[in-house]
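Those letters in the sequence shown? Residues -26 to -1, 1 to 67, per mature numbering (1 follows the signal peptide of the UniProt record, and there is no 0), in order.
A virtual CB, placed ideally from N, CA and C, is assigned to each residue, including glycine.
Reading through the structure tokens given below for one structure.
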Amino acid sequence: MTSRRKLLMAAAVVAVALSLASVADAKGFRRYLRLRNDVEVLDERNRALAAQNDALRREIAALRKDPATLEQSVREELGYVKPGEIVFHLESP
């Protein structure tokens, strides 16, 4: 065997050993996979929160600009009624 071939074999053995150590070590490749999964979960949560924020911003804008929306919100959340209105509360069993 030539020295170049011996060097190549040694490098291959070291590379395989390091790969196995990385897979077996809790701080190696497994940690990378777990962290990558955590990032994906957090990205999805961020997208959901951004959508919720957009919906809330639209609701705030509607409450500030549209009196009918404000009235509907107050009536629903606070139970306000206009004089002369009759409210029926229906509950299902």
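Checklist line | Inter-residue Cα distance where the pair is ALA42 and LEU52 | finding: 15 Å
Note to self: Could you tell me which whole alpha helix (DSSP H) segments of length 4 or greater appear in the stretch 13 to 64?
What the structure shows: 41 to 52
Item checked: Beta-carbon proximity of LEU44 to LEU37, cut-off 8 Å -> Their beta carbons are under 8 Å apart, which means LEU44 touches LEU37 by this criterion.
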